[in-house]
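Letter 136 of the sequence shown, counting from 1, is numbered 136 in full-length UniProt numbering, and no numbers are missing.
Glycine included, C-beta positions come from ideal geometry on N, C-alpha and C.
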Amino acid sequence: MNFPVLTCAQCGSSDVKLMPQRNDLVNCNYCGAIFMIPPPQGEPLPQAIEEPEPEVEEEEKEEEELIIPPVPPRPGTTNTEKFVTFILVVIGFIGAYLILNVTGDDTWLYQLIACIGGLGICSFILLNLGLEKKRKYESSPEMQEYNRVRRQIRERREEREKLKGQTNK
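Now the structure itself:
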């Protein structure tokens with residue numbers, strides 16, 4: 001096999017090296033000229049092959065768009081929520097302690113059970129507040145619109161799959 005010898009286009013020197021940035025550029029070490037490597041004789045240059053893209057219906061393009069569910073407004077736990085939680089727990093403990101003192105029971109077991117009951121009542125109240133926020137978010141107009149669009153896309157996809165199944169039989 002005969003390898004071609006690269007020579008500088010300006011000075012004719014064979015003291016050249018490939019540029020590290022690009023493999024088709026050569027730098028002459030003698031005169032400093034930069035030139036491109038000529039394509040090999042007899043071989044066609046590689047051409048980019050363009051394949052036609054399959055046509056996609058508008059409905060399918062619409063489905064391919066990303067549907068993002070609405071994000072509920074979440075400022076995080078505010079100081080007022082923390083304060084209300086703390087106050088409810090303290091009120092539960094104080095209420096349980098006062099009830100036990102009024103009845104005249106002085107045993108520590110009854111007081112412990114009453115405190116646990118107070119915590120249970122406070123946690124029930126806080127849980128209901130959280131569930132109310134969740135129900136409000138799920139019934140918001142933005143979430144209803146999101147669910148409607150998802151339902152339509154799912155129905156179209158099922159119809160298309162059903163039609164493909166009928167044509168394949």
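Distance between Val89 and Cys122, taken at the CA atoms: about 6 Å. Counting every other CB atom within 10 Å of its CB across the protein chains shown gives Gly118 a total of 16 or more, marking it as buried. Note that the C-beta distance between Ile34 and Asp24 is not below 7 Å. One Cα belongs to Asp15, the other to Gly32, and the distance between them is close to 10 Å.
In this chain, the beta strand (DSSP E) harbouring Ile34 covers 34–36. For Cys28, the enclosing beta strand (DSSP E) has its first and last residue at 25–28. Under the three-state reduction of DSSP output, Leu88 falls in the helix class. Annotated three-state conformation of Val5 is coil, per DSSP. Taking a C-beta distance under 7 Å as the contact criterion, Cys115 and Phe93 qualify as a contact pair. Ranked by Cα distance from Tyr97, the first of Ile113, Ile87, Phe86 is Ile113. Rounded to whole angstroms, the gap between the alpha carbons of Gly130 and Glu81 is 11 Å.
Closest in alpha carbon position to Cys28, among Arg22, Cys8, Arg148, is Cys8. Residue pairing for Leu18: DSSP places it in a beta bridge opposite Val26.
For Gly12, the secondary structure class from DSSP, reduced to helix, strand or coil, is coil.
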